[in-house]
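What follows is one structure encoded as C-alpha cells, with my remarks underneath.
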Amino acid sequence: MADPDSTTADANTRSGFDYRSFLRFAIPSLLGVLAFLTPIVDDGEITIGLAILSNALASLLDGWLGPIAGVVLSVSAVLTLVTSLTRTAPDEPGLFDQLFNVGMGYALLRVVGAVFALMTLFGVGPEFVISEDTGQIVLFDVIAALVAFFFFASFLLPLLTDFGGMEFVGTLLHRFFRKVFGLPGRSAVDATASWLGDGTVGVVITSRQYEKGYYSARESAVIATNFSIVSITFALLVANFTEIGHLFIPFYLTVTVAGLIAAVIVPRLPPLSRKVDSYWPESGRQAPADEPGERSLFRWGLDSAMQRAAHAPSLGRLLRDGATTYAEILFGLLPLIMAIGTTGIAIAEYTPIFNWLTFPLVPVLEAMQVPEAAKAAPALLAGFADMFLPSILASSIESEFTRFVIAALSVTQLIYMSEVGAVILKSKVPLNIFELGAIFLIRTVVTFPIIVAIAHLFVF
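Numbering-wise, the sequence shown is residues 1 to 460 according to UniProt numbering.
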C-alpha cells in the first residue's frame with residue numbers, strides 16, 4: 001500500500017508545484033498581513049488588528065499597566081545591577097545573561113528608569129520628573145502602550161517575517177527599492193508595518209532581519225532611520241492635537257512627499273553612507289539572489305517564499321522566540337525609554353536649552369515666512385527627545401500655518417529617543433546615539449524646507 005506522504009510528494013513533484021510549502025507560506029503570511037498590515041476602521045479611526053488586540057488588553061488592565069511597568073522596571077534594575085556586579089560575561093551567554101548581564105552603563109540607565117517610574121507612580125520627587133508633561137506621559141502613555149502592544153507583537157511578528165511573506169513582497173519590489181533607495185524590496189514590509197502599526201514594529205522587524213542575515217549593516221541602518229515611519233494613527237493624533245485635523249489629507253500627503261525625498265537623500269550622506277554592506281557574523285548573508293533567471297518576477301517571488309516557508313521554525317521555537325523578544329522589550333527597552341524619554345522631555349520643558357540651541361534659527365524661519373518664528377524654533381529640535389513634544393510646544397502657537405509645519409516636521413523626523421531611538425540603540429542595528437543625533441538633524445534640514453514650500457504653495 002502506498003504511503004500517503006510519498007503519494008502527496010509525488011503529486012507535488014509531477015505538478016512541479018509544492019502545495020504543502022505553498023500553504024505553509026500562504027496561511028501564516030496571510031495571518032501576519034491581517035494582524036499588521038490590513039487597515040481596519042474601529043470607532044471611526046483607521047487602525048490594524050494588532051492595535052485592536054493591544055487596546056483590548058489595555059482596557060482589560062485599565063489602571064494597572066503603569067504599576068505593572070513599574071514592577072517590571074524595578075525587577076530589571078535590581079537583577080541587572082546585581083548581575084553586573086557579581087557575574088562575568090560568559091563566552092556563550094544564556095537568556096538570563098543576555099537580559100541582565102549588560103554592563104554598568106546599561107545597568108545605571110535601568111536603575112534611573114526604575115527610579116523615575118517609581119517616583120511617577122507614587123507622586124514623590126521633583127516636578128520635572130513626575131509632572132503630567134514628563135514622567136506621566138512616558139510611563140502611562142508610552143510605556144503602558146508598549147507593554148500591551150508588544151505582548152501580541154512579539155509572538156505574531158514571525159507570521160510576517162519567518163514564513164516567506166517578506167521574500168514574496170521583497171522580490172516583487174526589489175528592483176524599485178534597489179533603484180530608488182538602494183535597499184532590498186523586503187524593506188517595503190517594514191515601512192508598511194510602521195505606517196499602519198507603529199514605528200517600533202518596523203525597527204524590531206529590521207533588527208531581526210539584520211540578525212538573520214537578510215539585511216546588511218548599511219541596509220539595516222538606512223531602513224531603521226528612514227522607513228520606521230510614524231503610524232498613520234499617530235499622525236492623525238498629532239494633527240488633531242495641533243488643531244489641524246481638518247487638514248489631515250494635505251497634512252499626510254505633505255509628510256509622505258517629504259519622507260520619500262528624505263529617504264532618497266539622507267542615506268547618501270554621512271553617517272549612513274559610511275556604513276558597510278557587511279552581514280551579522282553569526283548568520284552571514286542569507287539574502288536571496290538578485291535575479292530571477294528564466295522565471296517571471298511573480299514565480300521568482302513565490303519560489304523564494306515557499307523555500308523560506310519550508311525552513312520556517314516550529315511552533316515551539318516560535319513561542320520561545322516570542323517570549324524571548326517580549327522579555328528583551330520588558331527588561332531591556334522599557335527602562336531605557338523611561339530614563340532617556342523623561343530626561344529629554346524634562347530638558348525641553350524645564351530648561352531654556354532648546355531655546356538657546358534654536359535661537360539662530362529664528363531669522364531663518366522668518367526668512368521662510370513662518371509666522372511666530374521665535375515660538376516655533378524650539379519645536380524644530382525638541383522632537384529628538386520625544387515624538388509628541390513638538391506638538392505640545394506648538395499647541396500654544398496661534399498661526400495654523402506654523403502648527404501645520406511643526407506637526408508635519410515632527411512626524412517626518414522619525415528618530416525620537418523616548419521610543420524609536422531607544423529601540424534602535426537596544427537593537428543590533430549598528431548605530432550609536434551620536435549617529436542618531438546626526439541623522440535627526442540631517443532629516444530636519446532636508447524635510448523642513450520641503451514642508452514649508454508645500455504649505456506655502458498648496459495648502460495655505
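No residue lacks a Cβ here, since even glycine has one placed at the ideal position from N, Cα and C.
In this structure, the straight-line span from the alpha carbon of G105 to that of L139 is close to 22 Å. Between the alpha carbons of G94 and T324 lies a distance of about 11 Å. Here E366 carries a helix assignment [DSSP, helix/strand/coil]. Of all alpha-carbon atoms in L381, Q307, S283 and W300, the one lying nearest the alpha-carbon of H174 is that of W300. At a Cβ-Cβ threshold of 8 Å, D190 and G182 do not count as neighbours. Annotated three-state conformation of V169 is helix, per DSSP.
Counting only the Cα atoms, L389 lies some 10 Å from I406. Beta-bridge annotation (DSSP): D42 is paired with E45. Beyond the five residues adjoining it in sequence on each side, F248 comes within less than 7 Å, by CB distance, of L236 and A239 in the same chain, given in chain order. In terms of CA proximity to A69, L333 leads the group F36, T200, L333 and D42. Inclusion of I340 and I347 in the CB contact set at 8 Å is not warranted, their separation being larger than that value. Judged by DSSP in its simplified three-state form, W356 adopts helix. Annotation for L53: F152 place their beta carbon closer than 7 Å to its own, counting only its chain and skipping 5 residues before and after. Taking 8 Å as the cut-off, the Cβ atoms of I229 and G199 count as close. In the structure shown, N240 falls within a helical segment according to DSSP collapsed to helix, strand and coil. For the 8 Å CB-CB criterion, I439 and D386 do not form a contact. A residue is called buried when at least 16 other Cβ atoms come within 10 angstroms of its Cβ; F298 does not meet this threshold and is exposed. Of the candidates Y19, L381 and S283, the residue whose Cα lies closest to the Cα of R208 is S283.
Annotated three-state conformation of R403 is helix, per DSSP.
Taking the Cα positions, L60 is about 24 Å away from L31.
A Cβ-Cβ contact shorter than 8 Å links A305 with E167.
Using a Cβ distance threshold of 8 Å, L157 and I223 do not count as a contacting pair. Sequence-distant Cβ neighbours of H456 in its own chain, meaning closer than 6 Å and more than five residues away, do not exist here.
CA-CA distance, F404 to F234, rounds to 15 Å. The stretch 443-454 and the stretch 259-272 touch, with three or more beta-carbon pairs separated by less than 8 Å.
By the Cβ-count criterion, V429 is buried, with 16 or more other Cβ atoms from all chains shown falling within 10 Å of its own Cβ. By the criterion of a C-beta distance shorter than 6 Å, E366 is surrounded in its chain by A373, once the five residues flanking it on both sides are discounted.
Cβ neighbours of A58 within its own chain (closer than 8 Å, five residues either side excluded): L65, A144, A145 and A148. Assigned with DSSP and collapsed to three states, F181 falls in helix. In the pairwise beta carbon analysis, the stretch 270-277 is classified as not touching the stretch 409-424: fewer than three pairs are separated by under 8 Å. A straight-line Cα-Cα distance of about 32 Å links T254 and L336. Contact annotation: T80 and V102 have beta-carbon atoms nearer than 8 Å.
DSSP places S314 outside both helix and strand once states are collapsed to three, so it counts as coil. Under the DSSP assignment, S84 falls in the alpha helix (DSSP H) whose first and last residues are L65 to T86.
Shown here, P390 sits in a helix according to DSSP, grouped into three states.
The beta carbon of F331 is closer than 6 Å to those of S76 and L99 in its chain, skipping five residues each way along the sequence.
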